[in-house]
Amino acid sequence: MAEYLIKNGHVFDPILGIKGEVHNIAIRDGKFVEPSALTSSAKTIDASGKTVMAGGVDIHSHVVGPKVNVGRLFRPEDKLFKSPLRQPKNARMEMGFSVPSTFKTGYDYSRMGYCFVNEAAMPPLHSPHVHEEIRDTPLIDNTAMPVLGNNWFMLEYLKNGEIENNAAYTAWLLHATKGFAIKVVNPGGTEAWGWGLNCVTINDPVPHFNITPAEIIKGLIETNEYLRLPHSIHLHGNNIGNPGNYTDTIDTLKLAEGYSPNCDFGRDQVIHNTHLQFHSYGGDSWLNFESKAKEIMEYVNRQKNLTFDLGVVTLDETTTMTADGPFEHHLQSLNHLKWANVDVELETAAGIVPYVYGKDVKVCNIQWAIGLELALFCNDPMRSHITTDHPNAGPFIRYPRIIKWLMSKASRDELLHSFKWSEKVIGATNIESIDREMSLYEIAMMTRAGTAKALGLSHMYGSFTEGLAGNVAIYDLDPENMPSDPEMIEKAFGRAAYTLKDGVIVVKDGDIVGDTPKSTIWVNVKVPENKQVARDVSEKFLRYYSVNKDNYSLFEEHLHNPKVIEVDITA
Amino acid sequence: MAKVIKDVGCPYCGACCDDVEVTVSDDGKKILEVANVCAIGAEIFKHASREDRVKLPRMRQPDGTYKDVSYTEAIDFTAKMLVKAKKPLIFGFGSTNCEAMSSAAKVAEKAGAVLDNCASICHGSSFLAMFDNGYPSCTLGETKNRADVVVYWGSNPAHAHPRHMSRYAMFPRGFFTGKGVMGRKVITVDPRFTDTARVSDIHLQVKQGHDYELFNAFRMVVRGFEADIPDVVAGIKKEQILEVAEIMKNARFGTIFYGMGLCHSDGRNHNVDEAISLTRDLNETTKWTIMAMRGHYNITGPGAVWSWQFGFPYCLDLTKKNMAHMNPGETSSIDLAMRDEIDAFINIGTDAGAHFPIEAVKHIKKHPMVTIDPNICMASEISDLHIPVGIVGVEVAGIVYRMDNVPIQYRKVIDPPEGVISDEELFERIYQRMCELEA
Ligand SMILES: [Zn+2]
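Given below as structure tokens:
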């Protein structure tokens, strides 16, 4: 395996506290080493005048699995005139814009300098599908989070306050699906959607199950910390996307008070609130819709045990998809476009609706501003992560554009003042008055160091620390001579000068030039034997599932290049 | 000692029963008994143990007879055919695993082929409707656990999906449906008095080819315009329409299972479109879902695999080699064949000889043709080359997608006949050979 010395680059590594100083980065056997550990055969990459960061780590993106694939299948128009021609060195064609093919997904992330993506929602029943798509997504390592916030086992255990049983079940499920963390989407509300209903506040009881979303969230935090999982619960709360929902969001986040993390993976949070933008809305209708990013961040800044990702609206035509079934139904009643829905027995649901975030639609512009404001109001970028909730608020290929907006007030203002309703947008948001321009060091926090830490994966990714995966992104940006044109920032982050994955050059000058195997990371928790849960699992499969228990757990041959993280809570 | 293998998936229909129990002989070579399976599924399992299986590829000779050849020769022939052809068609895939669909896609992309599956001649019209209107659906377990009303529209599971009614939709007792069939209303809409209609609570004998109007009538009632519908619509009396609409509106959870009777009678994709619209209307006040009764056990598979690989479920024109293009009518198998645009043909996991119109077959026959199938079929008998493969679900494991898009992991219960390889391995070897030829 080739050894590399990346010389003279301006290195940004928030874990090691390197803030753009010139450093040499050495890789041997696919991992970072001290430069002195290289042999004479090491090849040199000249990074002088360039920005060097660890490979990007995406904490929340919908890239593989059943609802993503329905999004691809039912939108042929997402391919038309929107797919690039296949590049000569690519192994495969690249199709699609907002919901790209698996191959395009891998190539696009790699071109942006990313090496890891956490799939945001895996319906457990569909885990073989998720892993098939992971196999076909090149160049990026993946984890996938089983969706648990409406699971019948969980609802029954938590209704009875049985944290240990719920934990034993969760450990079984992570093993069965080769999953990574506990994903919660519209707790209780998605089960209610089984009857066409919803839970819009944390105190709305779930039909039949006699439990509230608040009880579910608290129970799942306790389950998560009991299991000592690398990641915290990963939460998409109730009442997403509605004017005035910011109070529900603060109510939800307050549930974390009094809890602290319990694991050996270095995270500080007990809730990761995903796509916070969709949960930070004021007003009581679309007419007086306004930003409550400031109010949300006043709370979040004070609480050390919370992290979040942004979910920035990028003003594109895209495809929304979420396990929040009732929300997607609500959305199709607003925009009257085609609507797909998949309710998944005993577990979850999913809805998919195309959506056009119009550049001259006031509400969309306000949403755009809210996503950026959350980042700009945050006093600790390690806890604030760049996402678009791909593809919900926009496709992930817009991350470079978001970085541009965060780093350049001029670029924000230019767009803001070009809106048809810019005065109204300014009146409903804070963005015009915010002068903050984020630094490359802060961007490194928001796209690799902070995300790796929050995921509990800082022992693998997000820094140049010795022994971590040799994932590197080199961007054609000279921190000592930053371009006056903000477009150059977007361009640099969109087409990495180099991407190395596990010490292999996979991108050069923004083009795919190499290939290397990718991994599937999952968490195996050893828990005390629990006969009751074993019985409950057998019984539910016998009576309620439409597949047999022994066909539900992922067969070993359908798990590709696994890397398991072992946790033992019996020790 | 014979051994029993449990939790086996059935390689017959899109209901993908996964509770089959197969008893195999001591040496693991013969299937002795099959339990928990319909008559047709049982036949497929038993067929595997027949002595007269084709065990080597067979190449057509100048005198018209078939001669056994090695897999290497067969792969070389196929690879050369694909490299040489300008517009080869690879069609079928209803009866193989997703791994083979993925490998075949790689071959098709390299060859610049048209890649298509049986949906082209069955539920392709459903895809067209989904492109327009979406697909509010659910997994079959949702119907089992929640549905108090089930509609079979233009589908006859009693024959085509023999265990669908007992496992998922009509009889089973689920979490919220403890009374099973006693607590469920089943409505069948079909011009024929089918065996499914016979066991239903209500049969609407819709006039052949007039489904669209009947959907329209239901939609009008659901939306409050019952006064405006005529006394008889599509052969159904207004009272009965009102009665059934009332049942639908009052359902707590309903599912419409529709079949080829809907998507292949007059109106085709428009019928399905209207069925989806009715489902959407009903969701304004209660919960309804809709599902296509997909035929073969893995005909849902290629739509899934190719959607994640190319973004299109069927009719993929990869001839440009740098991007995929889909335009049913232009890039669909039958249309291409009828226009004689295909200059090489691979039939895999289906029988185009039996299912294509004779005119299409005549055109295809002018060019090289390869059939990949475990058995002798009409397509194999008119091909230049027949390559036998292991039977997926019996001799080859792999993932298949049930009609509700749920992936089911199929098992292997016995070895294929000695020397016979899988579809996946075959396509991988064809790919390797093409790389060698092009190097
Ligand atoms: Zn999401």
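Protein sequence lines correspond, in order, to chains A and P. Our numbering numbers the first residue of the first sequence as 1 and each following residue consecutively. Our numbering numbers the first residue of the second sequence as 1001 and each following residue consecutively. Note that CB positions come from ideal geometry on N, CA and C, so glycine has one too.
{"query": "Starting from the N-terminal side, write out each stretch of the beta strand (DSSP E) that is 3 residues or longer and does not extend beyond the region 258 to 329 of chain A.", "result": "271 to 273, 306 to 309, 317 to 322"}
{"query": "Would DSSP call Lys1412/P helix, strand or coil?", "result": "coil"}
{"query": "Beta-carbon separation of Met297/A and Phe377/A under 8 Å?", "result": "yes"}
{"query": "For Glu566/A and His234/A, what's the separation of their Cα atoms in angstroms?", "result": "20 Å"}
{"query": "Quick check on this structure: which residue in Asp515/A, Thr274/A, Lys540/A has the alpha carbon closest to the alpha carbon of Leu374/A?", "result": "Thr274/A"}
{"query": "For a contact meaning CB atoms closer than 7 Å, what does Cys1098/P contact in chain A?", "result": "Glu132"}
{"query": "On a CA-only basis, which of Gly456/A, Leu220/A, Lys104/A is nearest Glu156/A? Give me that one, please.", "result": "Leu220/A"}
{"query": "Could you tell me whether the Cβ of Ala340/A comes closer than 8 Å to any Cβ of chain P?", "result": "yes"}
{"query": "Please report the residue range of the beta strand (DSSP E) in which Asn142/A lies.", "result": "141 to 146"}
{"query": "Beta strand (DSSP E) containing Trp1153/P: first to last residue?", "result": "1149 to 1153"}
{"query": "Could you confirm whether any beta carbon from chain A is found closer than 8 Å to the beta carbon of Tyr1168/P?", "result": "yes"}
{"query": "The alpha helix (DSSP H) spanning Cys1435/P covers which residue range?", "result": "1423 to 1438"}
{"query": "The beta strand (DSSP E) spanning Tyr583/A covers which residue range?", "result": "What the structure shows of chain A is the stretch from 1 to 571, and residue 583/A is not part of that stretch, so it cannot be assessed."}
{"query": "With three or more beta-carbon pairs closer than 8 Å as the criterion, would you say the region 125 to 142 of chain A touches the region 159 to 169 of chain A?", "result": "no"}
{"query": "Does Leu1140/P get closer than 8 Å to chain A when you measure Cβ to Cβ?", "result": "yes"}
{"query": "Along chain A, in chain order, which residues have C-beta atoms closer than 7 Å to that of Gln1409/P?", "result": "Pro128, Asn551, Phe555, His558"}
{"query": "Going by DSSP, what residue range makes up the alpha helix (DSSP H) through Ser538/A?", "result": "531 to 543"}
{"query": "So which residues on chain A does Ile1472/P lean against when the C-beta distance must stay under 9 Å?", "result": "No answer is possible for residue 1472/P: it lies beyond the span of chain P, which begins at 1001 and ends at 1439."}
{"query": "Quick one: is Asn1271/P near chain A, going by C-beta distance under 8 Å?", "result": "no"}
{"query": "Are the CB atoms of Ala1217/P and Ile1202/P within a distance shorter than 8 Å?", "result": "no"}
{"query": "By Cβ distance, which residues of its chain are closer than 6 Å to Phe153/A, with the 5 residues on each side in sequence left out?", "result": "Tyr169"}
{"query": "Is the beta carbon of Thr429/A within less than 7 Å of some heavy atom of ligand 1?", "result": "no"}
{"query": "Which bits of chain A does Trp1308/P rub up against, with CB to CB less than 7 Å?", "result": "Asn69, Arg72, Ser101, Thr102, Glu133, Asp136"}
{"query": "Grab me the residues of Gly1092/P's own chain with a C-beta within less than 6 Å of its C-beta, minus the 5 sequence neighbours each way, in chain order.", "result": "Asn1347, Ile1348, Gly1349, Thr1350"}
{"query": "If you draw a straight line from the alpha carbon of Ala1292/P to that of Tyr1401/P, how long is it in whole angstroms?", "result": "13 Å"}
{"query": "Using alpha carbons as the reference points, say which of Ala1085/P, Ile1376/P, Asp1076/P lies closest to Phe1345/P.", "result": "Ala1085/P"}
{"query": "Would you say the region 1359 to 1371 of chain P touches the region 1251 to 1263 of chain P, given that touching needs at least three Cβ pairs under 8 Å?", "result": "no"}
{"query": "Find the residues of chain A that neighbour Thr1289/P, judging by a C-beta separation of less than 8 Å, and give them in chain order.", "result": "Asn341, Asp343"}
{"query": "Could you give the distance in angstroms between the alpha-carbon of Leu1437/P and the alpha-carbon of Tyr1431/P?", "result": "10 Å"}
{"query": "DSSP beta-bridge partners for Thr499/A?", "result": "Ala473/A, Val507/A"}
{"query": "With Arg1198/P as the anchor, note down where its alpha helix (DSSP H) starts and where it stops.", "result": "1195 to 1198"}
{"query": "Counting along the chain, where does the beta strand (DSSP E) carrying Ile1031/P start and finish?", "result": "1031 to 1035"}
{"query": "Taking DSSP as the reference, what is the three-state secondary structure of Gly1393/P?", "result": "coil"}
{"query": "Which chain A residues sit within Cβ distance under 7 Å of Thr1286/P?", "result": "Gly196"}
{"query": "May I have the straight-line CA-CA distance separating Val547/A from Ile134/A, to the nearest angstrom?", "result": "22 Å"}
{"query": "Answer yes or no: does any C-beta atom of chain A fall closer than 8 Å to that of Asn1250/P?", "result": "no"}
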